[in-house]
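Novice: Take a look at the following structure, please.
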Amino acid sequence: MNKTLLEKDAEHLWHPYTPLINKRPYAEVVSAKDMYLHLADGSKLMDAISSWWVNIHGHGNEQLAKAVQSQILELDHTLFAGFTHKPAVDFAMNFLRVVACDQSRLFYSENGSTAVEVAMKIAIQYWKNKGEERTTIVALEGAFHGDTFGAMSVSARGLFTEAFESLLNPVLFIPFPDGTNDEEVLQQLETYLQKHPVAAFIYEPLIQGTGGMRVYTPELLARMMDVCAKYGVLTIADEVMTGFGRTGKKFASHYAARKPDLMCFSKAITGGLLPLGVTTCTKKVEEPFLSADMHRAFFHGHSYTANATICQLALTSLLMFESEACQANIARISASHQAFVNKRKSHVKIKRIESLGTILSIEVQTNNSESSYTHEIRHFLYDFFIKKGILLRPLGNIIYVLPPYIITNQQLEEIYAAVDEMLIALP
Ligand SMILES: Cc1ncc(COP(=O)(O)O)c(C=O)c1O
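Position 210, counted from 1, in the sequence shown is what the numbering used here calls 205; the numbers after and before it change by one each time, with no gaps.
This is the structure we're talking about:
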């Protein structure tokens, strides 16, 4: 008997963050265009979360598709040890210009986790090359920096890490600055830096993503960075989610008075078509590596490092992102979200509502006061929006809207109206 696609999937494929016996059937996507995913049953879903925050220019973009096709025919891929090429150099030069923040050197990898992994390894080897043994990293409670071992180590302990806990690197966590505990956060950071051989402090600038779309201020960020500067500790800004206009400015680090030493990027970097990770650093960080000695070289490299096709795609996406039209869309979405937040601020069924640029997050009030990724309300919320034809993927009792920048005002209103209806239907 011929098995269906879903049956073959259930028998042989492994999906992320999902039990192998999955009680909720997968939706089969057959095509995607602009704001919509088209499903095998003939229905369509508005992609209000940019397919895990990657897709900024909408699906099936022709300019990006053409860039990929012509680059494959010109130079698809080559190893990057001993070789270089124009797409890698052109993207790097343009990207460093847009990121600014004194970033002057760039390392390619494939995703957000590896961008973080590379930053951590560079930070630790920075100290080794300088003759100091500093290996401890400080991170924020509630953080999410990825799924590889290093990235897991600096992420919050919990469901994502519990099977691996005994194997994670030594990391010190400071409280999340929730607006009530600034002095405690700064004091804890300073105590750690005084007492431990800390190599670097890693943070998601201004907003924690997977940790619940929680916002903190640029002033506090700058003060945390001041403490790091006082002890010579490197700072690593993980812009994997916040980069490329998500927070309203091109990069979240542009809000803070101090500049990070290292930065990590991925997700929207290619417009959401193909995987790419990038880690950048300042001249200060590269300095102890400026040597012909192999023992001072950075030993990290993947088969697909600086894939020419993906670099050319990222360059094309970057130029589209910089365009006036795209920047105007970011400002329009940001204003629209803010207006919605202002209108719903004191809603009885909303525990917390905030927006930062194009990110809107709403934590709903439930009988069970705890906020967690596995909060049972997430199934109700997910299904409610799916029935309305909108893809939102709640983090427990927190829903967030993080749309492609091509979303129209009408589509935004459709989402807000669905949120209002959800609040009425909320059990
Ligand atoms: C801030 C941050 N860093 C790193 C990552 C890991 O990125 P990836 O899933 O591409 O490995 C994520 C993923 O959500 C993230 O939000």
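Just so you know, even glycine gets a beta-carbon here, dropped at the ideal spot from N, CA and C.
Can you find the residues in the same chain that come closer than 7 angstroms, C-beta to C-beta, to residue 414, ignoring five residues on each side of it along the sequence?
Specialist: Your numbering for residue 414 matches position 419 in the sequence shown. Result list for residue 414: 357, in chain order.
Novice: So what's residue 385 in DSSP terms, helix, strand or just coil?
Specialist: Residue 385 sits at position 390 when you count from the first residue of the sequence shown. Strand, per DSSP.
Novice: Would you give the residue range spanned by the beta strand (DSSP E) that residue 148 belongs to?
Specialist: Locating residue 148 in the sequence shown gives position 153, where the first residue counts as 1. It is not in any beta strand (DSSP E) - residue 148 instead sits in the alpha helix (DSSP H) that spans 144 to 148.
Novice: Measure the CB-CB distance between residue 233 and residue 282 and report whether it falls below 8 angstroms.
Specialist: As a working mapping, residue 233 is identified with position 238 in the sequence shown. As a working mapping, residue 282 is identified with position 287 in the sequence shown. No. Outside cutoff.
Novice: Report all residues from its chain with a CB closer than 8 angstroms to the CB of residue 329; omit the five preceding and five following residues, and keep chain order.
Specialist: Residue 329 sits at position 334 when you count from the first residue of the sequence shown. Result list for residue 329: 243, 350, 352, 353, in chain order.
Novice: Is there at least one Cβ from chain D nearer than 8 angstroms to residue 125's Cβ?
Specialist: Absence of chain D from the displayed structure is noted, only one protein chain being present.
Novice: Just confirm the distance between the C-beta atoms of residue 66 and residue 224, as a whole number of angstroms; I'd bet it's less than 8 angstroms.
Specialist: For the purposes of this step, residue 66 is taken as residue 71 along the sequence shown, with counting starting at 1. For the purposes of this step, residue 224 is taken as residue 229 along the sequence shown, with counting starting at 1. The pair is not a contact, with the Cβ atoms about 41 angstroms apart (cut-off 8 angstroms).
Novice: At which residues does the alpha helix (DSSP H) containing residue 121 begin and terminate?
Specialist: Translated into positions along the sequence shown, residue 121 becomes position 126. First-last of the alpha helix (DSSP H) with residue 121: 107 to 124.
Novice: I'd like to check one pair, residue 130 with residue 194: are the Cβ atoms closer than 8 angstroms?
Specialist: Start at 1 with the first residue of the sequence shown, and residue 194 comes out as number 199. Start at 1 with the first residue of the sequence shown, and residue 130 comes out as number 135. Yes. Within cutoff.
Novice: Considering only the alpha carbon of each residue, which of 207, 27, 45 lies closest to residue 38?
Specialist: Walking along the sequence shown from the start, residue 38 turns up at place 43. Looking at the Cα atoms, 27 is the closest of the given residues.
Novice: As a quick check of your reading: which residues have a C-beta less than 5 angstroms from at least one non-hydrogen atom of ligand 1, in chain order?
Specialist: Every residue passing the under-5 angstroms Cβ criterion appears here: 106, 107, 108, 140, 141, 199, 204, 233, 235, 236, 261.
Novice: Could you tell me which residues DSSP puts in a beta bridge with residue 104?
Specialist: Taking the sequence shown and counting its residues from 1, the one referred to as residue 104 is at position 109. Beta-bridge pairing links residue 104 to 272.
Novice: Decide if residue 399 is buried, meaning its Cβ has at least 16 other Cβ atoms within 10 Å, or exposed.
Specialist: For this step, residue 399 is matched to residue 404 along the sequence shown. So residue 399 counts as buried.
Novice: Where do the N-terminal and C-terminal ends of the beta strand (DSSP E) with residue 347 fall, by residue?
Specialist: For the purposes of this step, residue 347 is taken as the residue at position 352 of the sequence shown. Taken as a continuous stretch (DSSP letters only), the beta strand (DSSP E) holding residue 347 covers 345 to 351.
Novice: Under 8 angstroms between the Cβ atoms of residue 114 and residue 306?
Specialist: By 1-based counting over the sequence shown, the position of residue 114 is 119. By 1-based counting over the sequence shown, the position of residue 306 is 311. No.
Novice: Quick one, which of 313, 418, 394 has its alpha-carbon nearest residue 50's?
Specialist: In the sequence shown, the residue the question calls residue 50 occupies position 55. Comparing Cα positions, the closest option is 313.
Novice: For the candidate residues 43, 155, 16, whose alpha-carbon lies nearest to that of residue 404?
Specialist: Taking the sequence shown and counting its residues from 1, the one referred to as residue 404 is at position 409. Selected option, being the one with the closest Cα: 43.
Novice: So what's residue 245 in DSSP terms, helix, strand or just coil?
Specialist: Residue mapping note: residue 245 aligns to position 250 of the sequence shown, counting from 1. Residue 245: coil per DSSP, three-state reduction.
Novice: Identify the continuous beta strand (DSSP E) that holds residue 232 and give its terminal residues.
Specialist: Here residue 232 is taken as the residue at index 237 of the sequence shown, counted from 1. 229 to 233 is the span of the beta strand (DSSP E), which, as asked, contains residue 232.
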